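Written below as structure tokens is the structure these notes are about.
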Amino acid sequence: MDPEVLKKIEEDMKNFTCKMGEIQGVPFPETTCEIWDKIYNFQAREDDILIATFPKAGTTWMQEIVDLILLNGDVERSMRAPSFMKVPFIDLNAKPRIPGVEAANTMESPRLIKTHFQIQLVPPSFWEKNVKVVYVARNAKDCVVSYYHFQRMNKALPDPGTWNEYFSMFLAGKNPWGSWFDNVIGWWKAKDKHQILYVFYEDMIEDPKREIRKISKFLGKDLTEEVLDTIQLHTSFDAMKENPMTNFSTVPSFVFDQSVSAFLRKGKVGDWKNHFTVAQNIVFDEEYKRKMEGSGLNFRTEL
Ligand code: A3P
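Each residue of the sequence shown is one higher than the one before, counting from 1 in the numbering used here.
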């Protein structure tokens with residue numbers, strides 16, 4: 001990018017606070033609300049693949065896996081661009097970047113598309129075109145911790161406040177993109193009505209190759225063991241942390257301040273234990289039980 005333009009953005013970011021709005025009662029950055037009609041009327045294509053998640057569930061990890069599956073494990077081609085450029089995020093309208101929907105419109109097929117929307121907000125054309133969706137779900141306790149650190153370092157989102165404040169806000173579903181509970185339950189209920197593969201982050205940590213195989217079968221790809229091994233290796237936490245195309249080091253530090261918290265922070269199951277107080281854990285478990293009762297969804301918070 002032109003250094004002058006970059007400097008101007010840096011100046012703008014110094015005075016920037018992310019204003020929030022709502023879409024159907026779900027909190028989003030105001031810039032997303034402003035173009036909601038455009039987002040909702042987005043035209044999916046039959047051969048799109050939608051990667052849907054609640055924020056911090058392992059979206060970037062899945063983007064890399066799916067991209068490499070489509071490329072039959074061609075690592076060099078997977079490194080053609082940063083992850084966030086290869087996979088447009090249709091929810092996002094973060095200036096000065098062009099809206100995610102517009103970036104997607106100009107892309108050649110087959111496209112990978114990212115969303116954090118709860119299912120009722122997904123543009124209907126995805127269902128009309130019977131698009132395949134890979135949904136990643138991660139346990140709520142690790143999500144709240146990861147999201148808290150992400151909002152600390154991401155200057156384009158509101159400041160998260162203290163850990164204690166953030167904890168309460170998350171339980172109330174007031175964080176950007178709304179309730180974790182509504183997100184995971186909504187997608188879970190819909191999974192048999194559409195072409196949705198529901199994958200758990202904890203399963204990916206436990207046995208990445210098994211999950212990569214499952215995802216490639218779902219996408220109609222029969223990959224050799226060797227290719228599966230390559231994909232596993234190239235999408236390991238350590239490899240992605242080193243890779244400038246996946247570690248967000250191409251995003252300027254006045255937007256993602258990775259000295260505050262790295263984008264690829266820990267990549268573990270159970271880091272919540274280093275953050276939750278005993279009292280918070282009791283409050284969380286009670287609310288969790290109330291909200292998840294009867295959902296049929298089970299998460300592991302440790303392995
Ligand atoms: P932590 O903050 O717990 O480390 P998203 O891409 O949806 O924003 O998710 C980011 C989270 O996924 C971060 O969690 C990040 O470290 C983790 N992650 C990204 N790539 C990973 C990988 N290859 N293996 C395990 N975790 C990964």
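Ideal placement from N, C-alpha and C gives every residue a C-beta, glycine not left out.
Just so we're clear, the structure is a prediction, and the values are computed from it rather than from any experiment.
Annotated as distal: Met62 and Pro176, with beta-carbon spacing of 8 Å or more. Distances from the alpha-carbon of Asp159 to those of Arg210, Asp285 and Val255 put Val255 closest.
In the three-state reduction of the DSSP assignment, Val26 falls in the strand class. Contact check for Arg138 against Ala57 passes: the beta carbons are separated by less than 8 Å.
Sixteen is the threshold: since fewer than 16 other Cβ atoms of the shown chains lie within 10 Å of the Cβ of Glu286, the residue is exposed.
In its chain, beyond the 5 residues on either side, Ala52, Ile90 and Asp91 have a beta carbon closer than 6 Å to the beta carbon of Thr115. Here Lys132 carries a strand assignment [DSSP, helix/strand/coil]. Sequence-distant Cβ neighbours of Trp180 in its own chain, meaning closer than 8 Å and more than five residues away, are Phe54, Ala140, Cys143, Val144, Phe170 and Gly173.
The continuous alpha helix (DSSP H) containing Phe150 extends over residues Ala140 to Met153.
When Ser146, Glu64 and Leu157 are compared, the shortest CA-CA separation from Glu30 is found for Leu157. In the structure shown, the three-state DSSP call for Gly73 is coil.
The ligand A3P has a heavy atom closer than 7 Å to the beta-carbon of Ser236. Cβ-Cβ distances below 6 Å link Phe237 to Gly267 in the same chain, with the five nearest sequence neighbours on each side left out; the list follows chain order. Annotation for Val66: Ile49, Ile51, Leu112, Val134, Ile215 and Leu219 place their beta carbon closer than 8 Å to its own, counting only its chain and skipping 5 residues before and after. Taking non-hydrogen atoms of the ligand A3P into account, the C-beta of Ala57 is found less than 7 Å away from one of them.
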